[in-house]
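Colleague: Order-wise, the sequence lines are chains A and B. Here full-length UniProt numbering is used: the first residue of the first sequence is 1, the next is one more, and so on. Here full-length UniProt numbering is used: the first residue of the second sequence is 1, the next is one more, and so on. Note that CB positions come from ideal geometry on N, CA and C, so glycine has one too. Take a look at the following structure, please.
There are 2 protein chains.
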Amino acid sequence: MASIKEVAKKANVSTATVSHVINGTRFVADPTKEKVFQAMKELDYRPNMVARSLRSRKSYTIGLLVPLVADDTSNFFFMSIANGIEQVLKENGYNLILSNSNENIETEREQIEVFNTQFIDGLVIAPVNGMDANYEKDLLGDYPVVVIDRKPSEFQGDVVLVNNRKATYDAVSSLLKKGHRSIGYISGALGITTSDERLGGYKDALKEYSVPFEHRFIKEGPATFRSGYELASKLLKEGVTALFAANNVMTMGAMSFLQEQKVNIPNEIAVIGYDDYDWMKVMSPPLSVVKQPSFELGKKAVEQLLKRMEGSLEESKEVLLEAEFIERGSS
Amino acid sequence: MASIKEVAKKANVSTATVSHVINGTRFVADPTKEKVFQAMKELDYRPNMVARSLRSRKSYTIGLLVPLVADDTSNFFFMSIANGIEQVLKENGYNLILSNSNENIETEREQIEVFNTQFIDGLVIAPVNGMDANYEKDLLGDYPVVVIDRKPSEFQGDVVLVNNRKATYDAVSSLLKKGHRSIGYISGALGITTSDERLGGYKDALKEYSVPFEHRFIKEGPATFRSGYELASKLLKEGVTALFAANNVMTMGAMSFLQEQKVNIPNEIAVIGYDDYDWMKVMSPPLSVVKQPSFELGKKAVEQLLKRMEGSLEESKEVLLEAEFIERGSS
DNA sequence: GTGAAAGCGCTAACAT
DNA sequence: ATGTTAGCGCTTTCAC
Chain A
1 MASIKEVAKK
11 ANVSTATVSH
21 VINGTRFVAD
31 PTKEKVFQAM
41 KELDYRPNMV
51 ARSLRSRKSY
61 TIGLLVPLVA
71 DDTSNFFFMS
81 IANGIEQVLK
91 ENGYNLILSN
101 SNENIETERE
111 QIEVFNTQFI
121 DGLVIAPVNG
131 MDANYEKDLL
141 GDYPVVVIDR
151 KPSEFQGDVV
161 LVNNRKATYD
171 AVSSLLKKGH
181 RSIGYISGAL
191 GITTSDERLG
201 GYKDALKEYS
211 VPFEHRFIKE
221 GPATFRSGYE
231 LASKLLKEGV
241 TALFAANNVM
251 TMGAMSFLQE
261 QKVNIPNEIA
271 VIGYDDYDWM
281 KVMSPPLSVV
291 KQPSFELGKK
301 AVEQLLKRME
311 GSLEESKEVL
321 LEAEFIERGS
331 S
Chain B
1 MASIKEVAKK
11 ANVSTATVSH
21 VINGTRFVAD
31 PTKEKVFQAM
41 KELDYRPNMV
51 ARSLRSRKSY
61 TIGLLVPLVA
71 DDTSNFFFMS
81 IANGIEQVLK
91 ENGYNLILSN
101 SNENIETERE
111 QIEVFNTQFI
121 DGLVIAPVNG
131 MDANYEKDLL
141 GDYPVVVIDR
151 KPSEFQGDVV
161 LVNNRKATYD
171 AVSSLLKKGH
181 RSIGYISGAL
191 GITTSDERLG
201 GYKDALKEYS
211 VPFEHRFIKE
221 GPATFRSGYE
231 LASKLLKEGV
241 TALFAANNVM
251 TMGAMSFLQE
261 QKVNIPNEIA
271 VIGYDDYDWM
281 KVMSPPLSVV
291 KQPSFELGKK
301 AVEQLLKRME
311 GSLEESKEVL
321 LEAEFIERGS
331 S
């Protein structure tokens with residue numbers, strides 16, 4: 001593969017000139033430019049990004065660290081985010097290095113260290129559950145960082161989140177409006193921001209309708225299919241008339257149980273799930289859901305990151321994207 | 001960030017020695033080693049991968065190019081592959097650069113060129129529909145390549161595919177065994193290997209049961225929800241008693257139509273879909289599907305790639321992973 | 001058993 | 001308006 005030196009030689013100019021032609025970084029007379037372009041073409045020259053990175057300390061690459069659990073449907077959420085990020089990045093000539101913390105705090109540290117070694121220009125991270133923010137201090141390198149989806153306690157810096165509270169409020173309100181007073185709530189592990197926010201929305205709605213909060217209607221467990229299934233079973237025994245599942249995997253688990261028991265939805269029990277995918281429309285009845293703007297989340301995050309990479313010094317921003325309650329036949 | 005030079009100075013050795021200690025690439029006396037490790041620790045030294053890449057022409061990074069269509073459920077399939085790849089790579093100290101061709105042949109070329117500029121050590125590519133293999137000749141760099149999912153015509157090189165033909169054969173056979181003789185078939189665009197293979201399986205099964213092939217039972221269209229919906233409608237008018245949808249998006253579209261028409265599944269019409277996700281179990285009745293081993297596909301592909309990167313010269317291999325027909329209530 | 005030094009391909013400060 | 005050249009941080013050949 002041809003180097004800048006060979007191009008310079010062929011065009012009878014210095015490597016500096018070639019470099020400046022490529023990068024548009026200082027004036028070059030038109031005829032000279034022409035010669036250089038010609039030479040580049042003839043040699044099928046492509047700049048070596050690695051050398052460029054080494055010299056300029058800029059890699060045109062950003063890292064994305066997501067917490068995927070193998071075999072978990074939530075993959076879809078983060079992958080949709082990755083997709084949004086990749087799109088914006090491509091438009092701006094950047095690359096994406098994808099990495100996975102497996103929802104494991106050890107692995108997360110390791111992967112960040114790997115990134116630190118690579119000259120990434122920025123990092124988007126969806127933190128592992130329960131991570132509190134000692135990020136900045138020792139762990140992170142000297143690139144900008146945008147945290148998404150979950151906010152580690154006390155993290156100072158740019159964050160892009162989904163307004164889970166509001167959307168859950170809307171969803172639960174719609175149930176209350178229809179007269180439901182015993183609304184079961186299936187939650188993933190509490191203590192992480194996303195779970196807590198959602199439960200907050202549930203409580204807000206109850207308060208708005210002056211319905212007393214009852215502990216027995218709240219069931220918490222690991223965010224798994226199995227657990228969603230079991231908690232739905234427990235809630236039925238509590239005599240709820242409606243069910244809200246606060247994440248996608250548990251929604252599936254709960255639906256699986258209801259299906260098996262041949263519970264009539266929405267007559268015997270109304271159901272609202274979390275996250276919207278095509279197949280939600282295909283269930284019978286079509287499932288009402290809270291839809292998170294995952295693709296937009298990715299886009300927003302990387303847009304903010306790019307701003308920082310360009311040197312923006314404005315104060316740290318917390319962007320809150322609205323989620324949408326979509327009412328279908330199940331509620 | 002400390003450099004190898006500073007480490008060398010602090011340890012009173014040459015940079016060569018430090019390098020060799022790090023890489024275990026020639027003998028270093030134990031006491032010297034000790035000094036070097038000590039210095040590295042004190043300086044919190046981490047090797048600069050970019051410099052290393054430049055010098056050694058090895059980046060410990062591989063590229064993945066997938067054809068995602070925005071908003072398409074098939075994302076899930078490729079993302080699951082990405083996930084498998086990432087896992088194997090991490091175990092081997094490699095990184096993954098993720099890129100998207102958007103199922104667009106122009107973009108695919110561009111992205112490959114970007115890769116060529118980056119010192120990737122290898123590439124896994126799920127080619128855009130209809131790509132024929134002029135890959136090697138001009139486009140690809142001098143890194144090993146593994147092609148997955150679809151095989152471009154005449155491509156010579158390592159390929160990892162799914163045995164779609166066999167699985168489709170199994171699925172359609174099960175319908176025939178139950179007495180169905182008018183089996184509608186919904187296909188994505190024909191002419192790409194995955195579609196053709198699947199249709200081949202359908203035909204194989206008919207032949208096996210001596211059922212004549214009828215053109216009117218085969219409906220082809222773009223692999224979209226909308227199209228799946230419409231083709232299902234057309235097939236019902238042809239009087240089919242069973243329906244096979246040859247990809248996941250169209251499965252959703254078809255199901256949506258059947259749901260809307262309140263067609264009783266499987267009594268009025270039996271249905272088999274493509275690709276298995278949790279929510280297939282949750283539909284009523286649970287959907288019978290052909291399940292592709294997507295995660296394994298990613299793993300296998302990158303394992304083969306790693307072998308090549310280590311210099312394996314064995315003949316090009318075509319790996320065919322078995323897909324599984326899973327029978328549930330819908331058929 | 002270890003060191004000196006060239007050089008990977010590029011950018012950018014300094015010259016002219 | 002363009003050229004010279006010193007490095008970025010590392011690996012690796014050659015030398016001792």
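#1: Can you give me the C-alpha to C-alpha distance between Val271(B) and Asp149(B), rounded to a whole angstrom?
#2: Output the distance between the C-alpha atoms of Leu206(A) and Pro212(A), rounded to the nearest integer angstrom.
#3: To which residues of the same chain is Leu176(A) closer than 7 Å at the C-beta, ignoring the five residues directly before and after it?
#4: Do the segment 143 to 160 of chain B and the segment 180 to 199 of chain B meet, that is, are 3 or more Cβ pairs less than 8 Å apart?
#5: Note down the Cα distance separating Asn129(B) from Ala323(B), rounded to an integer number of angstroms.
#6: Beta carbon of Leu306(A), beta carbon of Gly122(A): below 9 Å?
#7: Grab the span of the alpha helix (DSSP H) containing Ser174(B) for me, first residue to last.
#8: Run the CB neighbour count on Phe217(A), radius 10 Å, all protein chains shown included, and call it buried at 16 or more, exposed below.
#9: Would you mind sorting Asp142(A) into buried or exposed? The rule is 16 or more other CB atoms within 10 Å of its CB.
#10: Examine chain A for any beta-carbon lying closer than 9 Å to the beta-carbon of Met40(B), and answer yes or no.
#11: Below 8 Å, can you find three or more Cβ-Cβ pairs linking the segment 96 to 112 of chain B to the segment 36 to 53 of chain B?
#12: Please confirm whether Pro286(B) has its beta-carbon closer than 9 Å to some beta-carbon of chain A.
#13: What first and last residue would you give for the beta strand (DSSP E) that runs through Phe325(A)?
#14: Is there a Cβ of chain A sitting closer than 9 Å to that of Asn116(B), yes or no?
#15: Rounding to the nearest angstrom, what Cα-Cα distance links Ile120(B) and Ile62(B) in this structure?
#16: In angstroms with no decimal places, state the Cα-to-Cα distance between Val289(B) and Asn248(B).
#17: Would you please verify whether the beta carbon of Pro144(B) is less than 9 Å from any beta carbon of chain A?
#18: Exposed or buried, which one is Leu84(A) when buried takes at least 16 other CB atoms within 10 Å?
#19: Could you check the C-alpha separation between Thr168(A) and His215(B) for me, to the nearest Å?
#20: Whole angstroms is fine: what's the gap from Gly188(A)'s alpha carbon to Glu260(B)'s?
#21: Going by alpha carbons, who is nearest to Glu314(A) out of Thr32(A), Ala254(A), Gly157(A), Arg165(A)?
#22: Using a 10 Å radius around the Cβ and a threshold of 16 neighbouring Cβ atoms, would you call Glu113(B) buried or exposed?
#23: May I have the straight-line CA-CA distance separating Lys166(B) from Gly201(B), to the nearest angstrom?
#24: Do you know how far the Cα of Pro293(A) is from the Cα of Phe77(A)?
#25: From which residue to which residue does the alpha helix (DSSP H) around Tyr202(B) run?
#26: What is the rounded straight-line gap between the Cα of Asp276(B) and the Cα of Lys300(B)?
#27: Pick from Gly298(B), Leu235(B), Met49(B): whose alpha carbon is nearest that of Arg57(A)?
#28: Between the alpha carbons of Met252(B) and Phe115(B), how many angstroms are there, rounded?
#29: Could you pull the start and end residues of the beta strand (DSSP E) that Ile81(B) belongs to?
#30: Jot down the residue ranges of each uninterrupted beta strand (DSSP E) in the segment 215 to 265 of chain B, minimum 3 residues, whole runs only, in chain order.
#31: Start and end of the alpha helix (DSSP H) containing Ile112(A)?
#32: Which runs of the alpha helix (DSSP H) at least 4 residues long sit entirely within the UniProt domain "HTH lacI-type" (2 to 56) of chain A? Give them in chain order.
#33: Does Asn48(A) get closer than 9 Å to chain B when you measure Cβ to Cβ?
#34: Going by DSSP, what residues sit across from Leu320(A) in a beta bridge?
#35: In angstroms, rounded to a whole number, what distance separates the CA positions of Arg109(B) and Pro67(B)?
#36: Rounded to whole angstroms, what is the Cα-Cα separation between Asn92(B) and Ala8(B)?
Modeller: Judging by the given coordinates:
#1: 24 Å
#2: 7 Å
#3: Ala205, Tyr209, Val211
#4: yes
#5: 21 Å
#6: yes
#7: 164 to 177
#8: buried
#9: exposed
#10: no
#11: no
#12: yes
#13: 324 to 326
#14: yes
#15: 5 Å
#16: 9 Å
#17: no
#18: Here residue 84(A) is Gly; the residue named in the question, Leu, does not match the sequence. Classification of Gly84(A): buried, given that the 10 Å Cβ count is 16 or more.
#19: 49 Å
#20: 33 Å
#21: Gly157(A)
#22: exposed
#23: 6 Å
#24: 9 Å
#25: 193 to 208
#26: 19 Å
#27: Met49(B)
#28: 35 Å
#29: It is not in any beta strand (DSSP E) - Ile81(B) instead sits in the alpha helix (DSSP H) that spans 75 to 91.
#30: 218 to 220, 242 to 245
#31: 105 to 116
#32: 4 to 11, 15 to 23, 30 to 43, 49 to 56
#33: yes
#34: Leu161(A)
#35: 12 Å
#36: 28 Å
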